[in-house]
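Comments concern the structure below.
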């Protein structure tokens, strides 16, 4: 092959080729390699910035997340909240309605729960109060979710901006309420609500304060899974999400589906707010949602909207988050150090999907 | 010029995953000839040409241009070698003039001398007999004028080898003639021209030689003079195919759909359908012809209840003798009345089907609402999907495969199969064989004919006038949103239809 070439002599070094299919085993092998690689890279970063032994840092993370009975339960509690929000987002996202307003829907649900606890804490039996809390916080989230849906359905407004802006409105409403609910007055916080009577608190079941959180969230997960997969309404959601033209062709009332789905999505996020307030923090502040409305978007997407995968993904994220708190105190680092590790892990995990969908073909040896 | 090969491909192979798009293809293009590349959809014609134009890179094989081995890594390399490709979908900027589009991306001096450029373009267009005004804006142009701009763009860059991907798909018969005249002029000037097509008549009329591809494999190149429609079809398909459509006389025609003076506007408020009227009878196939975008889509969608109507009315006459005004109804309301109106839309995966869903779920689009249950019934749709796969020979790994993974022909069989399964009284199909291979096309024609024999009123929008003339009983011609006339398909001619489509005739055979 010594012919004179007109332009360049070499074929490209590497080319992307789309894979047609990949075996499940191979796909998981790629993911495992990604995790291993990310741990190596994270270790290098740890050594470079903190001069700590990376293995000890890793052990610290594990210890922080599941090192004791109490830590395990805190991890589970946080995981359930994240899972609940991700499940709430699923119907909306399946419909390609980009609901990034979970923060606001959680806050509204949480505020409603706090209001019920404050005003009816001593006036109702606890089981009735809990039912009221769920209904009212669900309604609050529903309202916060349905407002952008109505505007989207009738005026085709951009739901991303709309839901995002409503987050800030919700925060201001919380701030406004704190003024009335201040305890002790002047502290500018609500404090622990009904600390003495535990009115509206989730009861201790099987000796654990968080059993009800787990039960509620798992029931919601199961119901949403069945709803999305087997019901006519779930089918309508998928069709609307894939193509509104097809939906109209099939005789689906697109407006109705958008509004109905966002009512469901908002209501579940509102209930997540009740689970946080009634089931865990027993207080309300502007940081009650704490960015989990956004983290849940990652959970939902990484799981490809599969509720089972969501349990795993939310577990993983919360595990890293809880571990980071431990690492921060143990090694005198701040929590950002662990965020870096989480970030590296996520980068590799998301990045490896490329290698699951594509393969690279390199220039053959021997060719010049 | 006799001896030189403009392009020579040796053993070129290209794979996409497990699919082999081109398998060891050898091809030569001589200087100063028109070579047709003929093959069914999915036979790898476009992939092969995309490798010449630098969009794809071959996995194996060698490419020679003017007798020298070359490596084409990007469209830039391809231009440098004098290869220019005119794609099926134009890549022009609407708000710029023809001349501005032509020089776009070319290196030049700081100061742009538009007059000089336009002068050069005029010289080019005069040389080859193009009809082009360099200072006209693209948005003012017809499809055929836009195509001219694309061709001139390539010539202006000094291309000696032109590749045209299905250039006549969007043209009327008259425009096609004009294009062919220009191409012949270019051949005279020593350019090599490659035309990708699947229209056999055009191949025979225009080209010097024909190269045939079948399922990614190179079959042979033959002299056009020695080829016939039958011999080429056999090469394309690999077996003898009967190319007859069995048209029967309509029996017991009854009025089924009557459209009276329908006017529709698009989102921009422009009239896309003006005062359109027609009547469709049972047991008849009514063809709809027209340049693409003349209101065909709106015509069908307004009957289907998917298009907001400005004025006019549409009446449905049921076989039982009742009359319903369906022009103010939505698709759902029409269905609730018990009117079985089937519709195979132009946009198969964007309207008729959901690409990411499997066959069963796609059957459910029509039936999921049945029953009062909260949960959807998946059993009978699954049964229907299996029936269609079996009856229409759909090639699919199973009914759980997403339809987007099937080939165009199989997608269409599923869609048509589902629409026919509901025993419609009216069946509307838009471009039913677009993208289908010959065998699948004839399967679809036969299905339409079967429906006609069963007494269904069939409305068929088509682009291949030859087929419409053979298949339909009557043909409605649209010209920019107006009904130019309804003619008898048995007595009219292609030329007459072409003239009606462009509005160059006063002739109305209503």
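Chains as they are written, first to last, in full-length UniProt numbering: chain H, 1 to 368; chain F, 1 to 510.
Note that CB positions come from ideal geometry on N, CA and C, so glycine has one too.
Contact belief for residue i with residue j at Cβ below 8 Å, rounded distance in angstroms
{"i": "residue 164 (chain H)", "j": "residue 267 (chain H)", "result": "Actually they are not in contact, since the Cβ atoms of residue 164 (chain H) and residue 267 (chain H) sit about 19 Å apart, beyond 8 Å."}
{"i": "residue 89 (chain H)", "j": "residue 243 (chain H)", "result": "That pair is no contact at about 21 Å."}
{"i": "residue 344 (chain F)", "j": "residue 430 (chain F)", "result": "6 Å"}
{"i": "residue 401 (chain F)", "j": "residue 359 (chain F)", "result": "7 Å"}
{"i": "residue 458 (chain F)", "j": "residue 448 (chain F)", "result": "6 Å"}
{"i": "residue 197 (chain F)", "j": "residue 36 (chain F)", "result": "6 Å"}
{"i": "residue 485 (chain F)", "j": "residue 500 (chain F)", "result": "6 Å"}
Nearest to residue i (by Cα), restricted to the options the options
{"i": "residue 351 (chain F)", "options": "F:301, F:394 and F:498", "result": "F:301"}
{"i": "residue 92 (chain H)", "options": "H:34, H:236, H:197 and H:316", "result": "H:236"}
{"i": "residue 91 (chain F)", "options": "F:138, F:169, F:108 and F:386", "result": "F:138"}
{"i": "residue 182 (chain F)", "options": "F:279, F:126, F:335 and F:291", "result": "F:126"}
{"i": "residue 197 (chain H)", "options": "H:221, H:73, H:129 and H:67", "result": "H:129"}
{"i": "residue 408 (chain F)", "options": "F:145, F:327 and F:353", "result": "F:353"}
{"i": "residue 192 (chain H)", "options": "H:49, H:26, H:340 and H:280", "result": "H:280"}
{"i": "residue 67 (chain F)", "options": "F:28, F:84, F:51 and F:204", "result": "F:28"}
{"i": "residue 178 (chain F)", "options": "F:224, F:198, F:206 and F:200", "result": "F:206"}
{"i": "residue 115 (chain F)", "options": "F:70, F:99, F:412 and F:145", "result": "F:99"}
{"i": "residue 230 (chain H)", "options": "F:376, F:438, F:72 and F:74", "result": "F:376"}
{"i": "residue 4 (chain F)", "options": "F:143, F:335, F:33 and F:472", "result": "F:33"}
{"i": "residue 361 (chain F)", "options": "F:371, F:378, F:369 and F:76", "result": "F:378"}
{"i": "residue 87 (chain H)", "options": "H:329, H:352, H:306 and H:362", "result": "H:306"}
Other residues of its chain near residue i: CB distance less than 6 Å, five sequence neighbours each side excluded
{"i": "residue 43 (chain H)", "result": "54"}
{"i": "residue 160 (chain F)", "result": "82 and 191"}
{"i": "residue 87 (chain F)", "result": "165"}
{"i": "residue 136 (chain H)", "result": "112 and 116"}
{"i": "residue 419 (chain F)", "result": "342 and 344"}
Exposure label - residue i; buried when at least 16 CB within 10 Å
{"i": "residue 296 (chain F)", "result": "buried"}
{"i": "residue 184 (chain H)", "result": "exposed"}
{"i": "residue 4 (chain H)", "result": "Residue confidence for residue 4 (chain H) is low, a pLDDT of 38 falling below 50, so the modelled location carries little weight; the figure read from the coordinates is stated next. It counts as exposed."}
{"i": "residue 474 (chain F)", "result": "buried"}
{"i": "residue 144 (chain H)", "result": "buried"}
{"i": "residue 59 (chain F)", "result": "buried"}
{"i": "residue 318 (chain H)", "result": "buried"}
{"i": "residue 363 (chain F)", "result": "buried"}
{"i": "residue 270 (chain H)", "result": "buried"}
{"i": "residue 8 (chain H)", "result": "Residue placement at residue 8 (chain H) is poorly supported in this model, since its pLDDT is 47, which falls under 50; the coordinates still yield a value, given next. When all chains shown are included, residue 8 (chain H) counts as exposed."}
{"i": "residue 29 (chain H)", "result": "exposed"}
{"i": "residue 453 (chain F)", "result": "exposed"}
{"i": "residue 112 (chain F)", "result": "exposed"}
{"i": "residue 261 (chain H)", "result": "buried"}
{"i": "residue 495 (chain F)", "result": "exposed"}
{"i": "residue 79 (chain H)", "result": "buried"}
{"i": "residue 131 (chain H)", "result": "exposed"}
{"i": "residue 23 (chain H)", "result": "exposed"}
{"i": "residue 322 (chain H)", "result": "buried"}
{"i": "residue 51 (chain F)", "result": "buried"}
{"i": "residue 311 (chain F)", "result": "exposed"}
{"i": "residue 70 (chain H)", "result": "exposed"}
Proximal residues to residue i (C-beta, below 7 Å), its chain only, five neighbours per side dropped
{"i": "residue 41 (chain H)", "result": "344"}
{"i": "residue 311 (chain H)", "result": "83"}
{"i": "residue 251 (chain H)", "result": "none"}
{"i": "residue 483 (chain F)", "result": "276, 277, 278 and 476"}
{"i": "residue 404 (chain F)", "result": "349, 355 and 356"}
Cross-strand partners of residue i (DSSP beta bridge)
{"i": "residue 479 (chain F)", "result": "F:482"}
{"i": "residue 402 (chain F)", "result": "F:358"}
{"i": "residue 347 (chain H)", "result": "In DSSP, residue 347 (chain H) forms no bridge with anything."}
{"i": "residue 15 (chain F)", "result": "F:20"}
{"i": "residue 214 (chain F)", "result": "F:217"}
{"i": "residue 562 (chain F)", "result": "Since the first residue of chain F shown is 1 and the last is 510, residue 562 (chain F) is not available in this structure."}
{"i": "residue 388 (chain F)", "result": "Residue 388 (chain F) is not bridged to any residue."}
{"i": "residue 375 (chain F)", "result": "H:231"}
{"i": "residue 107 (chain H)", "result": "Paired residue(s): none; residue 107 (chain H) is not in a bridge."}
Neighbourhood of residue i by C-beta distance below 8 Å, restricted to the same chain and skipping five residues each side
{"i": "residue 348 (chain H)", "result": "34, 35, 37, 38 and 41"}
{"i": "residue 13 (chain F)", "result": "20, 22, 23, 24, 25, 58, 59, 60 and 61"}
{"i": "residue 255 (chain H)", "result": "153 and 154"}
{"i": "residue 258 (chain H)", "result": "95, 97, 149, 152, 153 and 240"}
Per-residue contacts from residue i into chain C (C-beta, under 8 Å)
{"i": "residue 365 (chain F)", "result": "This model lacks chain C altogether, as its protein chains are H and F."}
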